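A.B. asks: Start counting the sequence shown at 1; every next residue gets the next number (the UniProt record's numbering). The C-beta atom is built at its ideal place from N, Cα and C for all residues, glycine as well. Remember, it's a predicted structure, so these values are computed and weren't measured experimentally. Before we start, here is the structure in question, set down as structure tokens.
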Amino acid sequence: MGKIITLFNLLPKFHQIALSVLICTLLFVVLIFPHGEKTTQRSALNNGEYALNTRYTVDINGTKKPAQSASLVHSTSKKRQQENASVNSHSLIQAKHDLSPIKLTTVEAQYQTEEFTVKKGDTLASLFKRAGLSSKDVYDITLLPNVKTNLLKILPGEEIIIAKDQAGMLVQLHYPLDPIRTLIINKNKDHYIEKITSKKVKYNQKFASAIIKTNFWNAGISASLTPNQIMQLATLFGWDIDFALDLRKDDSFSILFEKKYADGQFLKNGHILAAEFINQGERYTAIRYTDGHYYSEEGRSMRKDFLRSPVDFKYVSSRFNPRRLHPVTGQVKAHRGVDYVAAIGTPIKAAGKGRVIKSSYNKYNGNYVFIKHNDTYTTKYLHLKKRKVKTGQTVKQGDIIGTLGATGRITGPHLHYEFIVNGVHRNPRTIKLPKSKPIASQEKAQFLSLSQRVMATLEQNKQVQLAYRD
Ligand SMILES: [Zn+2]
């Protein structure tokens with residue numbers, strides 16, 4: 001420094017004056033410039049919005065120190081970018097003291113978020129305790145209507161997300177009400193507010209088809225159907241086809257069903273929209289209408305007075321066996337009923353609604369049940385292990401009337417089933433039954449247009465699949 005002064009004194013008078021003016025001008029710029037910069041910063045802060053976890057430059061209320069000004073003397077000759085960096089770094093040191101606490105919370109708030117699984121025996125209070133929240137927090141949020149009806153009834157396995165602030169206070173809570181809706185509780189100053197958000201639900205249509213090679217179940221699995229869908233399909237055609245005994249190799253089916261998505265994520269399979277089943281060359285169709293019921297493509301109800309089989313196919317062990325051996329004599333015999341071979345205990349269903357005219361036991365029939373459906377039709381169920389209905393009782397279609405057994409004069413467990421029309425034994429699997437009810441006439445036009453549309457989609461998909469197979 002001393003050398004600079006000596007050098008200054010050696011300069012001619014004119015130069016000394018000129019240099020002094022220059023230094024004064026520089027100092028003036030230095031003193032004014034930082035104020036200008038800070039004003040810009042302030043307005044940027046006041047007009048803009050804060051984003052979480054982002055550092056911002058904040059204005060300084062304190063007086064400048066000479067050292068800081070000195071550092072800025074150098075920066076005036078450097079690039080503008082570097083200047084800003086310099087201002088920023090010292091501003092942040094000051095900001096810690098000068099920023100109001102509210103601003104600091106807004107800018108630097110960081111929540112601790114944790115997920116809690118509801119355990120057996122948990123209450124909201126015990127879960128909150130585990131989350132380190134106070135009983136006051138529990139009390140405060142139980143004042144909210146949706147907390148009362150939902151969150152106070154938490155179930156084991158459910159998951160609750162809790163966010164706390166740095167002071168350990170509850171600031172947000174997420175509770176999924178179902179796969180689509182979530183209850184969200186937010187802290188708003190001194191109280192809590194609640195809202196329910198919903199994911200966007202979308203349905204896609206999916207096609208599946210298969211040709212039966214070994215049995216219906218395997219065909220369904222090969223077509224990527226779920227066990228539930230396979231059962232639905234059998235139920236849908238259960239009034240027309242005896243799935244236990246009537247299926248043959250090369251029978252086939254095609255279905256169009258919904259897949260449900262929430263926010264683009266697969267949720268579950270929806271309804272079967274349309275289905276076609278080809279059984280021994282006969283074609284059957286089922287279409288779901290807006291009333292939730294199924295009708296054939298020409299608009300007749302799928303539901304009929306009698307099920308083709310009193311035993312669900314999934315219990316029947318035999319595959320394709322058109323030759324039925326009489327269990328006693330071991331000979332093929334045109335006997336007066338149909339035998340279903342399945343495991344002891346298999347549930348047996350009433351083929352139609354009616355009144356139990358006999359529920360009893362004798363040494364030939366074993367445990368047996370007779371149901372009179374009306375003046376024309378009677379069904380009989382023999383060799384039961386257990387009877388689940390009493391004489392005189394009325395039953396609905398599909399009610400379990402007993403379980404398959406091996407009682408009476410037989411060698412192996414099976415159900416002997418008889419179908420009697422006006423006193424004459426008939427084959428329940430081939431008899432022509434009265435046609436089912438048609439769809440209401442005022443719905444018919446609308447149904448037929450829907451039917452044509454979905455069956456066309458089904459057909460197109462079949463053609464595409466056939467093209468890929470070849
Ligand atoms: Zn028999």
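Nearest to residue 265 by CA position, among 214, 201, 281 and 235, is which residue?
C.D. replies: Among 214, 201, 281 and 235, the Cα nearest to that of residue 265 is on 201.
A.B. asks: Give the straight-line distance between the Cα atoms of residue 340 and residue 311, rounded to the nearest whole angstrom.
C.D. replies: Cα-Cα distance, rounded: 8 Å.
A.B. asks: For ligand 1, any of its heavy atoms closer than 7 Å to the Cβ of residue 293?
C.D. replies: No, the Cβ of residue 293 stays beyond 7 Å of every heavy atom of ligand 1.
A.B. asks: Can you tell me which of the three DSSP states residue 303 falls into?
C.D. replies: In this structure, residue 303 counts as coil in the three-state DSSP scheme.
A.B. asks: Out of 214, 204 and 299, state which residue places its alpha-carbon closest to the alpha-carbon of residue 441.
C.D. replies: If we check each option's Cα against that of residue 441, 299 comes out closest.
A.B. asks: Touching or not, the segment 400-412 and the segment 378-392, by the rule of three or more beta carbon pairs under 8 Å?
C.D. replies: They touch, by the three-pair rule.
A.B. asks: Applying the 10 Å Cβ sphere with the 16-neighbour rule, what's the burial state of residue 169?
C.D. replies: That one is exposed.
A.B. asks: Where do the ends of the beta strand (DSSP E) carrying residue 339 lie?
C.D. replies: Its beta strand (DSSP E) spans residues 338-340.
A.B. asks: Given residue 233, which residues of its chain have a CB within under 8 Å of its CB, disregarding the five upstream and five downstream residues?
C.D. replies: If we look at residue 233 and ignore the five residues flanking it on each side, its Cβ neighbours are 220, 225, 253, 255, 272, 275 and 277.
A.B. asks: Since residue 413 is in the beta strand (DSSP E), which residue starts that stretch and which ends it?
C.D. replies: Careful: residue 413 lies outside any beta strand (DSSP E) and carries neither H nor E.
A.B. asks: Are the CB atoms of residue 131 and residue 114 within a distance shorter than 8 Å?
C.D. replies: A contact, by the Cβ cut-off of 8 Å.
A.B. asks: Quick one: what's got a C-beta closer than 6 Å to residue 461's C-beta in the same chain, skipping five residues either side?
C.D. replies: Taken in chain order, the residues that qualify are 207.
A.B. asks: Give a yes or no on contact between the segment 180-196 and the segment 237-249, applying the rule of three or more CB pairs nearer than 8 Å.
C.D. replies: Cβ pair count under 8 Å is below three, so no.
A.B. asks: Are the CB atoms of residue 455 and residue 290 within a distance shorter than 8 Å?
C.D. replies: It is not a contact, given that the beta carbons lie outside the stated cut-off.
A.B. asks: With a threshold of 6 Å on Cβ separation, who are the neighbours of residue 316 within its own chain once the five nearest residues in sequence on each side are excluded?
C.D. replies: The residues are 244, 340 and 342.
A.B. asks: Sorted by chain position, which residues of the same chain lie with C-beta nearer than 6 Å to residue 147's C-beta, five sequence neighbours on each side aside?
C.D. replies: Closer than 6 Å at Cβ, skipping near neighbours: 141.
A.B. asks: Counting along the chain, where does the beta strand (DSSP E) carrying residue 136 start and finish?
C.D. replies: Per DSSP, residue 136 belongs to no beta strand (DSSP E); it is in the alpha helix (DSSP H), 135-141.
A.B. asks: Have a look at residue 457 and residue 205 and give me their C-alpha separation to the nearest angstrom.
C.D. replies: Approximately 10 Å, taken between the alpha carbons.
A.B. asks: Look up residue 290 in the DSSP assignment and say whether it is helix, strand or coil.
C.D. replies: Coil, per DSSP.
A.B. asks: Can you find a heavy atom of ligand 1 that lies under 7 Å from the Cβ of residue 242?
C.D. replies: Checking every heavy atom of ligand 1 against the Cβ of residue 242, none is found closer than 7 Å.
A.B. asks: List in chain order: all unbroken beta strand (DSSP E) runs of 3+ residues lying wholly within the segment 190-262.
C.D. replies: For the segment 190-262, whole beta strand (DSSP E) runs of length 3 or above, ordered along the chain, are 191-198, 201-211 and 252-262.
A.B. asks: If I follow the unbroken beta strand (DSSP E) through residue 176, where does it start and stop?
C.D. replies: Run containing residue 176: 170-176, per the beta strand (DSSP E) assignment.
A.B. asks: With which residues is residue 356 paired in a DSSP beta bridge?
C.D. replies: Bridge partners of residue 356: 371.
A.B. asks: Within this structure, are the beta carbons of residue 211 and residue 198 separated by less than 8 Å?
C.D. replies: Result no, Cβ atoms of residue 211 and residue 198 do not sit closer than 8 Å.
A.B. asks: How long is the line joining the alpha carbons of residue 167 and residue 268, rounded to whole angstroms?
C.D. replies: Their Cα atoms are separated by approximately 41 Å.
A.B. asks: Using the C-alpha atoms, what's the distance from residue 177 back to residue 117?
C.D. replies: In a straight line, the C-alpha of residue 117 is about 14 Å away from that of residue 177.
A.B. asks: Which residue comes first and which comes last in the beta strand (DSSP E) that contains residue 113?
C.D. replies: Segment 112-117, the beta strand (DSSP E) holding residue 113.
A.B. asks: What do you get for residue 416, buried or exposed, if any count of 16 or more other CB atoms within 10 angstroms of its CB means buried?
C.D. replies: The residue in question, residue 416, is buried, as its Cβ has 16 or more Cβ neighbours within 10 Å.
A.B. asks: Kindly indicate the opening and closing residues of the beta strand (DSSP E) around residue 403.
C.D. replies: From DSSP, the beta strand (DSSP E) with residue 403 extends over 400-404.
A.B. asks: Tell me whether residue 395 sits in a helix, a strand or coil according to DSSP, three-state version.
C.D. replies: Note: residue 395 maps to strand in three-state DSSP.
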